[in-house]
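What follows is one structure encoded as structure tokens, with my remarks underneath.
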Amino acid sequence: MPRTPPPPLPAVRTISLTQPLTWLSLAWRDMARAGWISFAHGLAMTVLGAAIMAVAHNRFWLLAGALSGFLVVAPVLATSFYALSRALERGESANLGVVLKTWLNWQGSHVNKWGNDYWCMVQFGALLALAATGWVMTSAALITLLAPVPVLTPVDFVHHVVLANDGWLFELWLALGSLMAAPIFASSVVAMPLLLDRRATLLQAVLASWQAVLTNPLPMAFWAALILGFTLLGLGSLLLGLIVVMPLLGHASWHAYRDLIDPSSLPPRDAGTATPPAAPQSGVAP
611 MPRTPPPPLP
621 AVRTISLTQP
631 LTWLSLAWRD
641 MARAGWISFA
651 HGLAMTVLGA
661 AIMAVAHNRF
671 WLLAGALSGF
681 LVVAPVLATS
691 FYALSRALER
701 GESANLGVVL
711 KTWLNWQGSH
721 VNKWGNDYWC
731 MVQFGALLAL
741 AATGWVMTSA
751 ALITLLAPVP
761 VLTPVDFVHH
771 VVLANDGWLF
781 ELWLALGSLM
791 AAPIFASSVV
801 AMPLLLDRRA
811 TLLQAVLASW
821 QAVLTNPLPM
831 AFWAALILGF
841 TLLGLGSLLL
851 GLIVVMPLLG
861 HASWHAYRDL
871 IDPSSLPPRD
881 AGTATPPAAP
891 QSGVAP
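What follows is the structure, given as structure tokens:
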């Protein structure tokens with residue numbers, strides 16, 4: 611039997627090293643134009659983070675994994691920001707109606723409710739949630755079983771894990787976290803915006819995301835460092851900074867997708883209002 615050819619992938623553009631800074635600038639503009647709805651989502655995600663801290667505040671072995679697991683599923687939680695930026699790009703109103711339509715009616719144009727295309731965003735969210743759960747369990751097991759004393763608070767974690775004399779547990783924890791985070795970042799950097807915008811399969815979205823990273827390794831490493839830095843800044847401000855950081859990174863991720871991917875080879879998910887291919891910006895090669 612002839613082998614089924616692999617699904618066609620959208621074209622990937624080459625970007626300059628500093629292009630992620632442009633995404634942040636465009637994200638800030640989108641936040642100002644979207645107004646309260648963007649910051650309200652940032653507040654909701656901050657409240658979710660605060661709830662995690664409230665449940666696990668005296669179990670830091672669980673808190674460390676839960677907060678980092680929360681960040682793993684952030685690309686799915688940021689779907690509203692992608693939709694708002696897309697609406698602004700189309701010249702439409704970026705309001706609550708856009709958000710509700712995105713979460714409640716994204717499947718409305720599908721005829722085949724059992725097709726893979728219909729469930730792709732649900733599948734991707736489930737995979738990220740599974741990865742986050744796996745990391746929470748791995749992190750909890752490492753800190754609980756290998757720490758010299760019970761780790762119950764952030765101070766305990768600093769004293770007995772980060773500043774431990776042998777130091778190997780913290781390095782192991784970071785190494786395993788990085789080992790999990792790198793492929794997740796490569797798989798999700800443009801996957802959710804692409805799935806929202808175009809009728810792509812989950813495999814197409816993930817492979818396109820990997821291709822974007824492999825084509826632009828240094829800019830993508832810079833982008834990952836910016837995401838990590840802003841996230842740590844938000845967490846270090848008693849989570850209050852996440853009210854701004856989460857919308858900033860969410861809107862910027864939409865612009866990352868528009869710069870990195872030319873999706874014109876794929877049919878639009880919303881057939882009525884297709885998003886035109888993004889014009890290459892400064893530092894972006896077709």
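Using the working numbering, read the sequence shown as starting at 611 and increasing by one per residue.
Beta carbons are placed, not taken as given, at the ideal position from N, Cα and C, and that holds for glycine.
State buried or exposed for residue i, treating a residue as buried only when at least 16 other CB atoms are found within 10 Å of its CB.
| i | result |
| --- | --- |
| residue 618 | exposed |
| residue 628 | exposed |
| residue 761 | buried |
| residue 765 | exposed |
| residue 898 | Outside the displayed span of the chain (611 to 896) sits residue 898, for which this structure offers no information. |
| residue 793 | exposed |
| residue 697 | buried |
| residue 661 | exposed |
| residue 721 | Its pLDDT being 44, under 50, residue 721 is placed unreliably in this model, and the value from its coordinates should be taken loosely. Answer is exposed; the Cβ neighbour count stays below 16. |
| residue 819 | buried |
| residue 742 | buried |
| residue 849 | buried |
| residue 556 | Here the chain covers residues 611 to 896 and nothing more, so residue 556 does not appear. |
Taking residue i as the reference, give the member of the options with the closest Cα.
| i | options | result |
| --- | --- | --- |
| residue 834 | 620, 626, 872, 630 | 630 |
| residue 840 | 634, 623, 628 | 634 |
| residue 626 | 848, 830, 767, 863 | 830 |
| residue 790 | 748, 809, 766 | 748 |
| residue 636 | 880, 875, 858, 876 | 858 |
| residue 754 | 664, 780, 741 | 780 |
| residue 868 | 700, 707, 846 | 700 |
| residue 807 | 875, 842, 752, 849 | 875 |
| residue 828 | 817, 814, 787, 796 | 796 |
| residue 648 | 708, 664, 663, 665 | 708 |
| residue 785 | 818, 714, 745 | 745 |
| residue 846 | 832, 646, 663 | 663 |
| residue 763 | 710, 665, 646 | 665 |
| residue 880 | 711, 843, 842, 740 | 711 |
Determine whether the beta carbon atoms of residue i and residue j lie at a separation below 8 Å.
| i | j | result |
| --- | --- | --- |
| residue 873 | residue 804 | yes |
| residue 620 | residue 837 | no |
| residue 852 | residue 798 | no |
| residue 644 | residue 688 | no |
| residue 861 | residue 690 | no |
| residue 812 | residue 730 | yes |
| residue 800 | residue 866 | yes |
| residue 771 | residue 757 | yes |
| residue 802 | residue 734 | yes |
| residue 624 | residue 825 | yes |
What does a CB cutoff of less than 7 Å around residue i pick up in its chain, not counting 5 residues either side in sequence?
| i | result |
| --- | --- |
| residue 854 | 652 |
| residue 864 | 691, 692, 695, 696, 803 |
| residue 778 | none |
| residue 821 | 619, 622 |
| residue 655 | 687, 852, 856 |
| residue 832 | 627, 630 |
| residue 706 | 647 |
Please work out which residues of its chain come closer than 8 Å, Cβ to Cβ, to residue i, disregarding the five sequence neighbours upstream and downstream, and give them in chain order.
| i | result |
| --- | --- |
| residue 775 | none |
| residue 759 | 766, 770 |
| residue 736 | none |
| residue 713 | 689, 690 |
| residue 823 | 795, 796, 799, 830 |
Just to confirm my understanding: we take residue i, look at its own chain, exclude 5 residues before and 5 after, and list those with CB closer than 6 Å. What are they?
| i | result |
| --- | --- |
| residue 685 | 798, 802 |
| residue 725 | Bear in mind that the predicted position of residue 725 carries a pLDDT of just 47, short of 50, making it unreliable; the figure below should be weighed with that in mind. If we look at residue 725 and ignore the five residues flanking it on each side, it has no Cβ neighbours. |
| residue 783 | 752 |
| residue 650 | none |
| residue 842 | none |
| residue 788 | none |
| residue 817 | 619 |
Cβ-heavy atom distance between residue i and the ligand GTP below 7 Å?
| i | result |
| --- | --- |
| residue 861 | The ligand GTP is not part of the structure shown, which contains no ligands of any sort. |
Are the C-beta of residue i and some C-beta of chain B separated by less than 8 Å?
| i | result |
| --- | --- |
| residue 751 | You won't find chain B in this structure, because it holds only one protein chain. |
4-residue-minimum alpha helix (DSSP H) runs that sit fully inside the region 828–871, ordered along the chain: 852–870
Contained beta strand (DSSP E) runs [length at least 3] in the region 613–671, N- to C-terminal order: none
Unbroken stretches of the alpha helix (DSSP H), 4 residues or longer, contained in the region 724–776: 726–756, 764–767
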